[in-house]
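Chemist: Adding 89 to a residue's 1-based position in the sequence shown gives its number in my numbering. Note that beta-carbon positions come from the ideal geometry of N, C-alpha and C, so glycine has one too.
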Amino acid sequence: MASLMPKYSSLLNLLKIKDGAATLRSRFNSRLSLCGFLPAEVDLFRSSGGDCGSVEFCILLIYFLYWVLCLAFSHDIDFKVKYDLHSHSRCSDGILSPSELVSRASDKQVDVLALTDHDTTAGIAEARRAAADKNITVIAGVEFSCQWLGRGIHVVGLGLDLDNKDLQRAEKLQSAKREERCELIAAKLTKLGILGSLEGARALANGVSVGRPHFAQYLVDRGHVSSIKQAFKKYLGSGKAGDVKALWPELGEVIAWVNAAGGQAVIAHPDKYKLTRTKLRQLADCFAGEGGAAMELVSGRQAPGLAANLAVVAKEYGLLGSCGSDFHRPEQPWQELGNFEALPSGVEPVWRDWA
Ligand SMILES: [Zn+2]
Ligand SMILES: [Zn+2]
């Protein structure tokens, strides 16, 4: 489509020369004829008389409309709808309450927001109430922790039926595992001479499920490290004391939970697992085989070209494309609500069949 458009700068240059408007008019006319939009014998501008003083303006206006149409169709049909399908509230390790999150998303021009707290849908009801008087739709979501070939993997579930008994059982199970995991992390930290971390993390979680970020905050507060980042690097990240993943269910099990609740399972932020291309393809293959629906091609602000690269793998295994900020807190602008690139063109989006 883009090749049919005259370049805007050459268009302005044409207008500067003598009879430029007439030249432009005939070029535009022949372009439309060439694309089959106009029969060859019809002169689109004949009715303006050709010597109308505002013909340049008319041409620019038509050019502009044509350009807008080209832009709309070279993206996707949801040109105007902003989907953010991965976000966290205070119900897991986010900082905002579900209603504050919805207000912020609405301010950031997000039209459809999925609340996907870690292993819980506890915030959905509040988010939906907050969305009732705003121009925003809340999708019931979750982000389940699981393991695949011994690696920790996150699976986002979208469009869940919250009354589904399998889903409710799954949340209880994950909550128990999370508690067990926290005790293991605390025991490991105790061995390293850091005392009271379980109580400290619980106090910081303030009634919601305890996660590694709460341990991280505790480590910062007690002066063991200087920042959350340091806490993960030294104690909680991959391969460190706090990296306890053996308890999580297998990938296929969490996909089955999402499907049982009428939802779509999505591989969350595939780039974070640091997989080789071969391993990523293996994951996509296994995920699709177990009934997974989509892959997150865009996760917050990311390296140019990554989405297109992931899209090739997703397409190969029949997975749809999803996108989200993975928002946790306002101080992380690279994970701001709605602030990420569009899905690569030609990708079938996860919302393709949403009503
Ligand atoms: Zn995640
Ligand atoms: Zn997340």
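Out of F416, A431 and E430, which one is the CA nearest neighbour of G424?
Modeler: As a first step, residue 424 is located in the sequence shown; it is residue number 335 there, counting from the start. The sequence given here places Gln at residue 424; Gly does not occur at that position. Q424 has its Cα closest to that of F416, out of F416, A431 and E430.
Chemist: Taking the alpha carbon of G351 as the point to measure from, which residue in V227, L293, L247 and Q263 has its own alpha carbon closest?
Modeler: Reading the sequence shown from its first residue, position 262 is the one you call residue 351. Among V227, L293, L247 and Q263, the Cα nearest to that of G351 is on L247.
Chemist: A444 to I225, Cα distance in whole Å?
Modeler: As a first step, residue 444 is located in the sequence shown; it is residue number 355 there, counting from the start. As a first step, residue 225 is located in the sequence shown; it is residue number 136 there, counting from the start. Cα to Cα, A444 sits roughly 15 Å from I225.
Chemist: Inspect the beta-carbon positions of P438 and S414 and report whether they are closer than 9 Å.
Modeler: Here residue 438 refers to the residue found at position 349 when the sequence shown is read from its first residue. Here residue 414 refers to the residue found at position 325 when the sequence shown is read from its first residue. Not a contact, by the Cβ cut-off of 9 Å.
Chemist: Could you give the distance in angstroms between the alpha-carbon of T436 and the alpha-carbon of Y172?
Modeler: The residue you call residue 436 lines up with position 347 of the sequence shown. The residue you call residue 172 lines up with position 83 of the sequence shown. Note on residue identity: the sequence assigns Val, not Thr, to residue 436. Whole-angstrom Cα-Cα distance: 14 Å.
Chemist: Below 8 Å, can you find three or more Cβ-Cβ pairs linking the stretch 204-217 to the stretch 379-393?
Modeler: The stretch 204-217, when compared against the stretch 379-393, does not touch it at the 8 Å Cβ threshold.
Chemist: In whole angstroms, give me the CA-to-CA distance for Q319 and E215.
Modeler: The sequence position of residue 319 within the sequence shown is 230, counting from 1. The sequence position of residue 215 within the sequence shown is 126, counting from 1. Taking the straight line from one Cα to the other gives about 34 Å.
Chemist: Taking 7 Å as the limit between beta carbons, can you name the residues of its chain near L426, skipping five residues before and five after?
Modeler: Along the sequence shown, one-based indexing puts residue 426 at 337. So the list reads D173, S176, R193, A194, K197, V199, S414 and F416, once near-sequence residues are dropped.
Chemist: Please identify the residue among E288, W440, E232 and R179 whose C-alpha is closest to the C-alpha of I356.
Modeler: Indexing the sequence shown from 1 puts residue 356 at position 267. Among E288, W440, E232 and R179, the Cα nearest to that of I356 belongs to E232.
Chemist: Determine the contact status of D310 and G296, defining contact as a CB-CB distance below 9 Å.
Modeler: In the sequence shown, the residue the question calls residue 310 occupies position 221. In the sequence shown, the residue the question calls residue 296 occupies position 207. Not closer than 9 Å, so no.
Chemist: Helix or strand or just coil, what does DSSP make of Q424?
Modeler: Here residue 424 refers to the residue found at position 335 of the sequence shown. Note: Q424 maps to helix in three-state DSSP.
Chemist: What is the C-beta distance between D255 and W346, in whole angstroms, given that I count them as a contact (C-beta under 8 Å)?
Modeler: Along the sequence shown, one-based indexing puts residue 255 at 166. Along the sequence shown, one-based indexing puts residue 346 at 257. That belief holds up - the Cβ atoms of D255 and W346 are roughly 6 Å apart, short of 8 Å.
Chemist: One question on the structure: do Q236 and E339 come within less than 9 Å of each other, judged by their Cβ atoms?
Modeler: Residue 236 sits at position 147 when you count from the first residue of the sequence shown. Residue 339 sits at position 250 when you count from the first residue of the sequence shown. Closer than 9 Å, so yes.
Chemist: Given this structure, state the Cα-to-Cα distance separating R301 from E420, to the nearest angstrom.
Modeler: Mapped onto the sequence shown, residue 301 falls at position 212. Mapped onto the sequence shown, residue 420 falls at position 331. R301 and E420: Cα-Cα distance of roughly 18 Å.
Chemist: State buried or exposed for A221, treating a residue as buried only when at least 16 other CB atoms are found within 10 Å of its CB.
Modeler: By 1-based counting over the sequence shown, the position of residue 221 is 132. The residue is exposed, with fewer than 16 neighbouring Cβ atoms inside 10 Å.
Chemist: Could you name the residues that DSSP lists as bridge partners for P438?
Modeler: The sequence position of residue 438 within the sequence shown is 349, counting from 1. Bridge partners of P438: G410.
Chemist: What residue range is occupied by the uninterrupted alpha helix (DSSP H) comprising E260?
Modeler: As a first step, residue 260 is located in the sequence shown; it is residue number 171 there, counting from the start. That run of the alpha helix (DSSP H) goes K254 to K280.
Chemist: Assuming contact is defined by CB atoms lying nearer than 9 Å, are R270 and V333 in contact in what I supplied?
Modeler: Mapped onto the sequence shown, residue 270 falls at position 181. Mapped onto the sequence shown, residue 333 falls at position 244. Yes, they are a contact pair.
Chemist: Count the other CB atoms within 10 Å of the CB of S181; is the residue buried (16 or more) or exposed (fewer)?
Modeler: The count along the sequence shown starts at 1 and reaches residue 181 at position 92. The residue is buried, with at least 16 neighbouring Cβ atoms inside 10 Å.
Chemist: Let me know if A396 comes out buried or exposed under the rule of 16 or more other beta-carbons within 10 Å of its beta-carbon.
Modeler: Here residue 396 corresponds to residue number 307 of the sequence shown, with the count starting at 1. Looking at its Cβ environment, which holds 16 or more other Cβ atoms inside 10 Å, A396 is buried.
Chemist: Please classify Q353: does DSSP put it in a helix, a strand, or coil?
Modeler: Position 264 of the sequence shown, counting from 1, holds the residue named residue 353. In the structure shown, Q353 sits in a strand (DSSP, three-state: E or B).
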